[in-house]
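Heads up: the structure comes next, in structure tokens.
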Amino acid sequence: MAELTSHFGTWTFDGQTLRITPGTHRRVHKVRKVLGELAIPLTAIAGLSYEPGRKTGRVRVRLKPGADPLSQIAGGRLGDNADPYQLTVEPEQQQAAGYLVDAVNFSPRPDGTPETFDRYVLPGPAVPVTVSVGEGSVSCDGSRVAIDWGWQAPEAKRKLGRKELSLTALDGVDWRPMVGLNDGLLRFRVRGLDTALPPEADPHCVRLLWGTENELLTVLVAAAVVARLPHPNAPAVSEPDERDRPQPDASSLEEVDGVLRRLRELGDLHRDGILDDDEFAAAKQALLRRLSG
């Protein structure tokens, strides 16, 4: 067992799983605290590294592409303080950090372990998850998302009231934090609807206007949605080629055509009164049995 502990959290590795537990220090970012403990299987880890600094160092785990819905949606845009996959290391912990790095990197992986994944190995944030920001509150319960507009939302959005979307109606989700003077956003892309609307006019988009810790928490809502949508690397489900479909032979087609012709003739005989109702029904059933057989 390799273990590394600091005010910001504890990382342990038992040979198969890297377990990341956030610390309780007041400087631990809300994203880490709300996300909670992570259990990362060795098969999902691309590598662990120690990055020395002037005063403190940093241990960072790199996950394989496609393994984690949070990494998928964050796209490297979480700052170090909010990133749950790195840990600050004090000078006296460097030896323990090096031991942990070696333990993870040199542990044998099972044969056939993929370098990229077409399904998520990590489950993503627990649901329900709710975050409140200036423009409103947004939540995901695992089957739908809901937006309740706040006082900072444009009047057009507030008039719409509560917005609920089933996850089955979504094509995807976009997330980016506020950077400098550029607003961030959390946008749900609804299948069949235009996504070219500006964020302030899009009823499926929550703007992130202040760059606060609470706004960064919206990445957890986005990741919870991503974890429940089709994986972007999943194999496409192709329609069977028409050439592969069994084709009826000519004799079968002729027989069907003959039965349909006889049904029309029976209808004419019944209409003209030559066949009564019982006779027509019996003859019709006999022909239909031939058709279904």
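So the sequence shown is numbered by this note's numbering: it starts at 3 and just counts up by one.
The beta-carbon is built from N, C-alpha and C at its ideal position, and this holds for glycine as well.
Looking at the secondary structure, which residues open and close the alpha helix (DSSP H) in which Arg-217 lies?
Residue mapping note: residue 217 aligns to position 215 of the sequence shown, counting from 1. At residue 217 the sequence reads Glu, which differs from the Arg that was named. Its alpha helix (DSSP H) spans residues 215-218.
Contacts around Pro-110, its chain only, beta-carbon distance under 8 angstroms, and the 5 residues preceding and following it disregarded:
As a position in the sequence shown, residue 110 is number 108, starting the count at 1. None.
Span of the beta strand (DSSP E), counted from its first residue to its last, around Lys-66:
The sequence position of residue 66 within the sequence shown is 64, counting from 1. Where Lys-66 is concerned, there is no enclosing beta strand (DSSP E), because DSSP gives it neither an H nor an E.
By DSSP, does Arg-34 sit in helix, in strand, or in coil?
The residue given as residue 34 occupies position 32 in the sequence shown. For Arg-34, the secondary structure class from DSSP, reduced to helix, strand or coil, is helix.
Give every residue of the same chain whose Cβ lies closer than 7 angstroms to the Cβ of Gly-59, excluding the five residues on either side of it in the sequence, and list them in chain order.
By one-based count along the sequence shown, residue 59 stands at place 57. In chain order, Tyr-52, Glu-53, Val-91, Gln-96 and Ala-99 place their CB closer than 7 angstroms to the CB of Gly-59, counting only its own chain and leaving out the 5 sequence neighbours on each side.
What does DSSP give as the partner residues of Gln-96 in its beta bridges?
Numbered from its first residue, the sequence shown carries residue 96 at position 94. None, per the DSSP bridge assignment.
Pro-130 burial status per 10 Å Cβ neighbour count (16 or more: buried)
Looking up residue 130 in the sequence shown gives position 128. Burial state of Pro-130 is exposed, judged by a 10 Å Cβ sphere holding fewer than 16 other Cβ atoms.
6 angstroms CB neighbourhood of Pro-67 in its chain, flanking five on each side removed:
Here the question's residue 67 lines up with position 65 in the sequence shown. Non-local beta-carbon contacts of Pro-67 in its own chain, meaning distances under 6 angstroms to residues more than five positions away in sequence, involve Thr-118 in chain order.
Between the C-alpha atoms of Val-106 and Ala-69, what's the straight-line distance to the nearest angstrom?
Counting from one through the sequence shown, the residue named residue 106 turns up at place 104. Counting from one through the sequence shown, the residue named residue 69 turns up at place 67. About 17 angstroms.
Buried or exposed for Ser-145, going by 16 or more other Cβ atoms inside 10 Å?
Your numbering for residue 145 matches position 143 in the sequence shown. Classification of Ser-145: exposed, given that the 10 Å Cβ count is below 16.
Is Gly-25 closer than 9 angstroms to Phe-10 when the C-beta atoms are compared?
Position 8 of the sequence shown holds residue 10. Position 23 of the sequence shown holds residue 25. Yes, the pair counts as a contact, with Cβ atoms nearer than the cut-off.
Please report the residue range of the alpha helix (DSSP H) in which Glu-157 lies.
Translated into the one-based positions of the sequence shown, residue 157 becomes position 155. If you look at Glu-157, you'll find it in the alpha helix (DSSP H) that goes 157-162.
For Ile-42, which beta-bridge partners are listed by DSSP?
Position 40 of the sequence shown holds residue 42. Per DSSP, Leu-20.
CB contact flag (Trp-13, Leu-89, <9 angstroms):
The count along the sequence shown starts at 1 and reaches residue 13 at position 11. The count along the sequence shown starts at 1 and reaches residue 89 at position 87. Trp-13 places its beta carbon less than 9 angstroms from that of Leu-89.
CB-CB length for Leu-222 against Val-36, believed under 8 angstroms
Mapped onto the sequence shown, residue 222 falls at position 220. Mapped onto the sequence shown, residue 36 falls at position 34. Sure, about 6 angstroms apart at Cβ, within 8 angstroms.
Should Ser-134 and Asn-216 be called a contact, given that it needs their Cβ atoms to be closer than 9 angstroms?
In the sequence shown, counting from the first residue as 1, residue 134 sits at position 132. In the sequence shown, counting from the first residue as 1, residue 216 sits at position 214. Between Ser-134 and Asn-216, the gap from beta carbon to beta carbon is short of 9 angstroms.
Using DSSP's beta-bridge definition, name the partner residues of Gln-88.
Residue mapping note: residue 88 aligns to position 86 of the sequence shown, counting from 1. Its beta-bridge partners are Arg-62.
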